[in-house]
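Heads up: the structure comes next, in structure tokens.
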Amino acid sequence: MTKSKTELTDPVEENRALHATESRIAIAGHPLHAMLVAFPIALTMSVLGADLLYWWTGDAFWPRAAGWAAFGAFLIGVTAGITGTVELLVVKGIRNRAASWTHFILAVMLLSILGMNWAWRIGDYEAAVLPLGLLMSLVAAGLTAVTGWHGGKLVFDYQIGTKRPE
Ligand code: HEM
Numbered sequence: 019m020t021k022s023k024t025e026l027t028d029p030v031e032e033n034r035a036l037h038a039t040e041s042r043i044a045i046a047g048h049p050l051h052a053m054l055v056a057f058p059i060a061l062t063m064s065v066l067g068a069d070l071l072y073w074w075t076g077d078a079f080w081p082r083a084a085g086w087a088a089f090g091a092f093l094i095g096v097t098a099g100i101t102g103t104v105e106l107l108v109v110k111g112i113r114n115r116a117a118s119w120t121h122f123i124l125a126v127m128l129l130s131i132l133g134m135n136w137a138w139r140i141g142d143y144e145a146a147v148l149p150l151g152l153l154m155s156l157v158a159a160g161l162t163a164v165t166g167w168h169g170g171k172l173v174f175d176y177q178i179g180t181k182r183p184e
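For the sequence shown, my numbering begins at 19 and goes up steadily by one.
If you want it as structure tokens, here you go:
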């Protein structure tokens with residue numbers, strides 16, 4: 019029997035340039051981006067937790083804690099974003115995957131919300147919580163979950179940032 023001419027091929031498998039996905043912004047092969055993202059993820063969830071606790075208890079400690087956590091989430095989030103963006107632009111196999119750009123767009127939306135959520139709290143951190151601060155924290159937590167999950171997908175499904183065996 020002859021082979022069907024419409025047999026599908028995988029362009030990523032065929033193009034060797036797309037195999038070069040190894041992280042370059044790394045220490046001894048360990049990507050800086052992966053090391054940094056844990057902080058904005060944890061701090062964003064902490065802001066939401068602190069806002070909810072303030073709503074529940076009315077204790078002024080929580081908005082202060084939320085303000086500092088929002089600052090940390092934005093600052094380290096931007097730092098992580100810079101390492102990810104340099105990786106995206108420099109490594110051909112990362113730059114050429116649509117999934118990398120989807121992650122970038124999600125991350126930029128997330129960083130904008132993180133920046134707003136921090137800036138909104140400067141001055142009167144207590145008055146900033148209800149309702150807008152809490153709303154921004156909810157959106158930020160949701161976007162963090164999606165962006166973080168998608169970042170994991172890049173690594174575990176597409177092997178982006180990893181070294182291919184020879
Ligand atoms: C702003 C632009 C960003 C770009 C261009 C970017 C790009 C990347 C790339 C290329 C990877 C693959 C691993 C590597 O090569 O380091 C990755 C992984 C990942 N990213 Fe991002 N990223 C950005 C921001 C963020 C942010 C703000 C978060 C926080 C939610 C995030 C969460 C993750 C996670 C959790 C992984 C998987 C890490 C692992 O398990 O090894 N990224 N990102």
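Glycine is no exception: its CB is placed at the ideal position from the N, C-alpha and C atoms.
#1: Can you tell me which of the three DSSP states I1 falls into?
#2: What residue does the alpha helix (DSSP H) around G179 start on, and which one ends it?
#3: If you follow the alpha helix (DSSP H) that D69 is part of, which residue opens it and which one closes it?
#4: Alpha carbon to alpha carbon, how far is T97 from W74?
#5: Can the beta-carbon of A188 be found closer than 8 angstroms to that of L156?
#6: Contact defined as beta carbons within less than 8 angstroms: I believe A159 pairs with L66. What is the distance between those atoms, to the nearest angstrom?
#7: I'd like the span of the alpha helix (DSSP H) that includes R82, first residue to last.
#8: Which residues mark the beginning and the end of the alpha helix (DSSP H) in which V25 is found?
#9: In the DSSP output, which residue or residues are listed as bridge partners for P49?
#10: Taking only the alpha-carbon atoms, compute the straight-line gap between T120 and S64 and give it to the nearest angstrom.
#11: Measure the alpha-carbon distance for A169 versus A52 and round it to whole angstroms.
#12: Using a threshold of 8 angstroms, state whether the C-beta atoms of A125 and T165 are closer than that.
If we stick to the structure as given:
#1: Nothing about residue 1 can be read from this structure; the chain reaches only from 19 to 184.
#2: It is not in any alpha helix (DSSP H) - G179 carries neither H nor E in the DSSP assignment.
#3: A56 to T75
#4: 33 angstroms
#5: A question about residue 188 goes unanswered here, because the residues of the chain that appear run from 19 up to 184.
#6: 5 angstroms
#7: F79 to V108
#8: A small correction: the amino acid at residue 25 is Glu; Val does not occupy that position in the sequence shown. Premise fails: E25 is in no alpha helix (DSSP H) and is neither H nor E.
#9: A44
#10: 26 angstroms
#11: This sequence places Gly at residue 169; Ala is not what is there. Their backbone Cα atoms lie some 9 angstroms apart in a straight line.
#12: yes
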